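Participant: Next up is a structure, given as structure tokens.
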Amino acid sequence: MSCQMKFNKHVTENVILRREKKEPKTQYYKIVNLLSIIFLLLNFIALFGSCFKK
Numbered sequence: 001m002s003c004q005m006k007f008n009k010h011v012t013e014n015v016i017l018r019r020e021k022k023e024p025k026t027q028y029y030k031i032v033n034l035l036s037i038i039f040l041l042l043n044f045i046a047l048f049g050s051c052f053k054k
């Protein structure tokens, strides 16, 4: 239960952060956005990993 709540909080925070950032779509920002998505996926994998271990 706490795992699901943690996951939902994580998703919500990232969605809010993305909506606040309305930057011009230059090549630099595309790369930064891609990196942030990769880190987000890694966070999800780590979070699910800790959930399944219990």
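To convert, note that position 33 of the sequence shown is 33 in full-length UniProt numbering; the numbers rise steadily by one, no gaps. Note that the Cβ used here is the ideal one computed from N, Cα and C, for glycine as well. None of the values given here were measured: they were computed from a predicted structure.
(1) I'd like to know whether the C-beta atoms of Asn8 and Leu40 end up nearer to each other than 8 Å.
(2) Leu34: beta carbon under 7 Å from a heavy atom of the ligand PLP?
(3) Between the alpha carbons of Val32 and Thr26, how many angstroms are there, rounded?
(4) My output table needs one value for Thr26: the three-state DSSP class, helix, strand or coil.
Facilitator: Reading it off the structure:
(1) no
(2) This structure lacks the ligand PLP; in fact it carries no ligand of any kind.
(3) 10 Å
(4) coil
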